[in-house]
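Numbering (our numbering) for the sequence shown: 1 to 139.
By construction, the Cβ of each residue, glycine as well, lies at the ideal position given by its N, Cα and C atoms.
First the structure, in the form of structure tokens, and then the observations on it.
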Amino acid sequence: MSASALALIGYVAWTLLLVITIITVRTWISLVEKRESYSFKPDGSDVSEASVRLCRAHANCVENLPIFAAIILVAIAMGHSEVTDSLALWVLAARLAQSVTHLISTSNLAVTIRVTFFSVQLAIEAWWVVQLARIALRA
Numbered sequence: 001m002s003a004s005a006l007a008l009i010g011y012v013a014w015t016l017l018l019v020i021t022i023i024t025v026r027t028w029i030s031l032v033e034k035r036e037s038y039s040f041k042p043d044g045s046d047v048s049e050a051s052v053r054l055c056r057a058h059a060n061c062v063e064n065l066p067i068f069a070a071i072i073l074v075a076i077a078m079g080h081s082e083v084t085d086s087l088a089l090w091v092l093a094a095r096l097a098q099s100v101t102h103l104i105s106t107s108n109l110a111v112t113i114r115v116t117f118f119s120v121q122l123a124i125e126a127w128w129v130v131q132l133a134r135i136a137l138r139a
């Protein structure tokens, strides 16, 4: 399996872990507090600050997964996963670090750190798009 495919699976697994955590927390609250399962706010604000951060971390993964997946899948489909292989796991690491930072805190320092990890992902993805476009235009 290529590093690109492994990173994509890792990104999906992380996104699933976050949503499963949301479901687990809400199920527990529904069972213990006898709260209706349909009554939860999507942003988690009716549960706790930690729940808000969890919901935002999950939403951010969901919002950015299509970009990452599209680039990785295009590279694989073009037969040029070598473009993404060298940095794919770094993007995954930056995604995990961004999410964990989001889960830990929303302080000014944490937001700066989170934006840095996000910027790393975007810079790498932009680089990949340029490289894949060059290859496609030469074909």
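For Phe-68, the enclosing alpha helix (DSSP H) covers residues 49 to 77.
Taking C-alpha positions only, Cys-61 is separated from Arg-35 by approximately 27 angstroms.
In this structure, Val-91 sits near Glu-125, with a CB-CB distance shorter than 9 angstroms. In this structure, Ser-2 lies near Ala-88, with their beta-carbon atoms less than 9 angstroms apart. Around the beta carbon of Ile-22, 16 or more other beta carbons lie within 10 angstroms, which makes this residue buried.
For the set Leu-122, Glu-49, Glu-33, Val-19, the Cα lying nearest the Cα of Ser-107 is the one of Glu-49. Between the C-alpha atoms of Gln-98 and Val-111 there is a straight-line separation of about 9 angstroms. Ranked by Cα distance from Trp-14, the first of Ala-93, Ser-81, Val-52 is Ala-93.
In the structure shown, the three-state DSSP call for Arg-95 is helix. Assigned with DSSP and collapsed to three states, His-80 falls in coil, not helix or strand. Put simply, the stretch 116 to 131 touches the stretch 63 to 72. At least three CB pairs are less than 8 angstroms apart.
One thing to note: Val-25 has its Cβ within 9 angstroms of the Cβ of Val-47.
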